[in-house]
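Novice: Residue numbers (the UniProt record's numbering), protein chains in the order written: chain A, 1 to 114; chain B, 1 to 114.
Think of the CB as a built atom: it goes at the ideal place given N, C-alpha and C, for glycine as much as any other residue.
One structure is given below, represented as structure tokens, and several questions about it will come after.
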DNA sequence: TGAACATATAAGCAAATAGTTATATACTAT
DNA sequence: ATAGTATATAACTATTTGCTTATATGTTCA
């Protein structure tokens with residue numbers, strides 16, 4: 001019972017994070033690609049700290065993992081997280097956001113960091 | 001493209017609503033039973049307006065439907081909503097909240113309205 | 001070492017959220 | 001009609017959220 005209570009708490013916290021258009025789009029992208037902060041800055045046209053703060057929240061719940069590659073830090077969905085199976089069907093039902101990455105490539109801004 | 005954009009917006013809005021422990025528990029219960037406001041008041045120990053406001057939000061997005069039966073209004077998950085297939089896997093992965101209804105029955109508070 | 005770049009953290013602020021109390025509406029039954 | 005019960009709406013408030021700007025940290029490379 002305590003466990004179940006914990007689970008629904010945790011599920012609600014996860015859904016709250018996903019219930020933001022920016023983070024949801026990020027997660028959909030990171031489910032297929034490792035992405036770095038500067039890409040998201042380009043995509044969403046938010047300040048770099050805004051992007052960092054979104055990623056921080058996702059990381060705090062264990063939803064994403066980071067991997068430093070030199071100057072850059074790449075984030076991707078943490079598929080080892082025990083709640084990944086909870087999240088997966090949600091992400092799978094979302095429309096692809098690949099066009100956003102393609103746009104970056106066309107503008108040449110993707111190559112700058114990746 | 002516009003349509004996809006709309007979809008991810010809508011998905012984020014739905015997830016935001018589900019990202020609240022109270023509403024998430026409500027949804028899990030209403031996926032299996034029609035429930036009335038007074039039951040939720042008992043279960044969550046919130047004021048009646050608080051419960052009504054949660055249900056209003058769920059109704060506004062089309063996630064639940066209401067059916068008046070005399071004095072009472074019963075709410076249940078709207079399985080005809082086009083986004084029900086989006087929500088269903090989420091609800092299915094949550095632990096049953098039946099114990100909360102059972103508690104009411106034991107206290108005799110469920111029978112008062114249903 | 002120091003300049004340039006990528007990211008993180010801190011502090012502040014406006015808007016959104018989730019509760020409250022007070023009040024209105026709607027149905028039931030005497 | 002009126003009293004009792006169930007629900008909805010309105011107005012208010014404290015907290016949370018998601019951005020901003022300013023600043024700190026960490027890496028690369030001349």
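Is the stretch 8-23 of chain A touching the stretch 69-77 of chain A in the sense that three or more CB pairs, one from each, lie closer than 8 Å?
Specialist: no
Novice: Compile a chain-ordered list of the residues in the stretch 40-65 of chain B whose CB is closer than 9 Å to at least one CB of chain A.
Specialist: Taking 9 Å as the Cβ-Cβ cut-off against chain A, none of the residues of the stretch 40-65 of chain B qualify.
Novice: Does DSSP put residue 16(B) in a helix, in a strand, or in coil?
Specialist: Note: residue 16(B) maps to helix in three-state DSSP.
Novice: Where do the ends of the alpha helix (DSSP H) carrying residue 52(B) lie?
Specialist: 48-60 is the span of the alpha helix (DSSP H), which, as asked, contains residue 52(B).
Novice: Applying the 10 Å Cβ sphere with the 16-neighbour rule, what's the burial state of residue 31(A)?
Specialist: The residue is buried, with at least 16 neighbouring Cβ atoms inside 10 Å.
Novice: Could you tell me whether the Cβ of residue 95(B) comes closer than 8 Å to any Cβ of chain A?
Specialist: yes
Novice: So is residue 18(B) in contact with chain A if we call contact Cβ pairs under 8 Å?
Specialist: For residue 18(B), the nearest CB of chain A lies under 8 Å from its own CB, placing it at the interface with that chain.
Novice: Is there a C-beta anywhere in chain B that falls below 8 Å from the one on residue 29(A)?
Specialist: no
Novice: Using a Cβ cut-off of 8 Å (strictly closer), state whether residue 101(A) contacts chain B.
Specialist: no
Novice: Using a Cβ-Cβ distance cut-off of 8 Å, determine whether residue 15(B) contacts chain A.
Specialist: Yes, because at least one Cβ of chain A sits closer than 8 Å to the Cβ of residue 15(B).
Novice: Among 87(B), 10(B), 99(B), which one has its Cα closest to the Cα of residue 27(B)?
Specialist: 87(B)
Novice: Taking only beta-carbon atoms, is residue 107(B) less than 8 Å away from chain A?
Specialist: no
Novice: Could you tell me the alpha carbon to alpha carbon distance between residue 38(B) and residue 99(B), rounded to whole angstroms?
Specialist: 17 Å
Novice: I believe residue 89(B) touches residue 89(A) by the beta-carbon criterion, under 8 Å. Please report the beta-carbon distance rounded to the nearest angstrom.
Specialist: 4 Å
Novice: Closest by CA to residue 25(B), which one among 36(A), 7(A), 79(A)?
Specialist: 7(A)
Novice: Considering residue 76(B), what are the terminal residues of the alpha helix (DSSP H) in which it resides?
Specialist: Note, residue 76(B): premise wrong, no alpha helix (DSSP H); beta strand (DSSP E) at 72-77.
Novice: Between which two residues does the beta strand (DSSP E) carrying residue 67(A) extend?
Specialist: 64-69
Novice: Taking 8 Å as the threshold (beta carbon to beta carbon), is residue 104(B) in contact with chain A?
Specialist: False, the Cβ-Cβ gap to chain A never drops below 8 Å.
Novice: Less than 8 Å between C-beta atoms, sequence neighbours within five positions excluded: which residues of the same chain meet that for residue 63(A)?
Specialist: 14, 17, 27, 77, 78, 81, 83, 87
Novice: Compare the C-beta of residue 79(B) against all C-beta atoms of chain A and say whether one is closer than 8 Å.
Specialist: no
Novice: So, does the CB of residue 98(B) fall closer than 8 Å to a CB anywhere in chain A?
Specialist: no
Novice: For residue 34(A) and residue 73(A), what's the separation of their Cα atoms in angstroms?
Specialist: 9 Å
Novice: Within the same chain, show all residues whose beta-carbon is closer than 7 Å to that of residue 54(A), passing over the 5 residues directly before and after it, in chain order.
Specialist: 22, 23, 26
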